[in-house]
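Engineer: Input: one structure, supplied below.
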């Protein structure tokens, strides 16, 4: 596994830092979208698993997140985030098959990106995605926003994950921003009323996800799913399934799905 390379691009609202894990002989490229408040530096182990499966891995810190510029977690339109994500994808053009992987808010971004750029993609992986509806939008977009930080115990059954999250200075530990919640609501409406995702898609979700409950996501997936959907629920797993106590098994399921999608064969995972 090679070290990550950091490059920069002129984003819609400032400098965007792009993470790239190059591969000496890649068979495909993975575009990786991180979640709300965090950054792609937390995904080195995910990139390592994908890299070991033959992938070159690329993705940006979204505007207002991580090392990219912008007021922290302020997103006034996800059109800006999607434009930056597409620019990162095009920064080093490739003829390789492209797989899109998104977690949480990044799963929402990935779903919308797949609707807009289906021709560029071979497969899609959605991890605990914000789809359908999301309770913070419904409760706080037009109401009082609580100051309480995220309960890190909801991330994973491994307490070390929450401890590292709480100590990470590149993560936003403050309250939601109202414009961001409203922008998420608009993006969800666009996804709900957009085309179905026809590419092979893996939807993976923790059964005990309290941050992005599985029920509303299930309803959202039903609205946009194509015929080639594989849905896997991991009983007892919390929100960050790639950081769960069984993360190795989950990442093995992801790479098995990706390999099968590239070959055009069934993944053999529960559907």
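Numbering (the working numbering), first residue to last: 163 to 433.
Note that the Cβ used here is the ideal one computed from N, Cα and C, for glycine as well.
1) So, with DSSP's three-state summary, where would you put residue 167?
2) Using the Cβ count rule (16 or more neighbours within 10 Å means buried), how would you classify residue 355?
3) Where do the ends of the alpha helix (DSSP H) carrying residue 351 lie?
4) Could you check whether residue 250 and residue 221 sit closer than 8 Å to each other, using their CB atoms as the reference points?
5) Any idea if residue 168 is buried or exposed, counting beta-carbon neighbours within 10 angstroms, 16 or more meaning buried?
6) Can you check DSSP and say which residues form a bridge with residue 387?
7) With distances taken between CB atoms, is the gap from residue 315 to residue 402 smaller than 8 Å?
8) Counting only runs that start and end within the region 245 to 310, where is the beta strand (DSSP E) found for 3 or more residues in a row?
9) What are the start and end residues of each continuous beta strand (DSSP E) run of 3 or more residues lying completely inside the region 204 to 248, in chain order?
10) May I have the straight-line CA-CA distance separating residue 268 from residue 198, to the nearest angstrom?
11) Could you have a look at residue 399 and say whether DSSP puts it in helix, strand or coil?
Structural biologist: Looking at the coordinates:
1) Working through the chain shown from its first residue, we reach residue 167 at position 5. Here residue 167 sits in strand by DSSP.
2) Start at 1 with the first residue of the chain shown, and residue 355 comes out as number 193. With a threshold of 16 other beta carbon atoms within 10 Å, residue 355 falls short and is exposed.
3) Position 189 of the chain shown, counting from 1, holds the residue named residue 351. 340 to 354 is the span of the alpha helix (DSSP H), which, as asked, contains residue 351.
4) For this step, residue 221 is matched to residue 59 along the chain shown. For this step, residue 250 is matched to residue 88 along the chain shown. The Cβ-Cβ distance between residue 221 and residue 250 falls below 8 Å.
5) Sequence index remark: in the chain shown, residue 168 carries index 6 (1-based). Result: exposed.
6) The residue you call residue 387 lines up with position 225 of the chain shown. Assignment of beta-bridge partners to residue 387 by DSSP yields 359.
7) By one-based count along the chain shown, residue 315 stands at place 153. By one-based count along the chain shown, residue 402 stands at place 240. No, Cβ-Cβ distance for residue 315 and residue 402 is not below 8 Å.
8) Listed in chain order, they are 260 to 265 and 285 to 289.
9) DSSP runs (the beta strand (DSSP E)) wholly in the region 204 to 248: 217 to 222.
10) Here residue 268 is taken as the residue at index 106 of the chain shown, counted from 1. Here residue 198 is taken as the residue at index 36 of the chain shown, counted from 1. If I take the Cα positions, the gap works out to 7 Å.
11) Here residue 399 is taken as the residue at index 237 of the chain shown, counted from 1. DSSP places residue 399 outside both helix and strand once states are collapsed to three, so it counts as coil.
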